[in-house]
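Notes follow once the structure below has been shown.
In my numbering, the protein residues as written are -17 to 54.
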């Protein structure tokens, strides 16, 4: 029986935290959103979700259209 490479993609967020000097919490979020490159972001963890995608890859590593399965 042939073998195929199948990609499993799990829905997730990677969290980062930075200290932002501001007059109030809303201003801090606005400053971070305006120019995130001004801050020193540190990875704080990964949150995984239930969504899963499974798709078969061709010989070049590209997804084969029509082989997607899962709850994406």
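Idealized CB from N, CA, C, for every residue including glycine.
Review point. Since residue 11 is in the alpha helix (DSSP H), which residue starts that stretch and which ends it?
Key: From DSSP, the alpha helix (DSSP H) with residue 11 extends over 7 to 16.
Review point. Do you know offhand how far residue 0's Cα is from residue -6's?
Key: Residue 0 and residue -6 have their C-alpha atoms roughly 20 Å apart.
Check your understanding: For residue -14, which beta-bridge partners are listed by DSSP?
Key -> Under the DSSP definition of a beta bridge, residue -14 lacks any partner.
Check your understanding: Going by the CB atoms, is the gap between residue 35 and residue -13 shorter than 7 Å?
Key -> Residue 35 sits away from residue -13, with the two beta carbons spaced by 7 Å or more.
**Study point:** Short Cβ contact (7 Å threshold) for residue 53 with residue 33
**Key:** It is a contact, given that the beta carbons lie within the stated cut-off.
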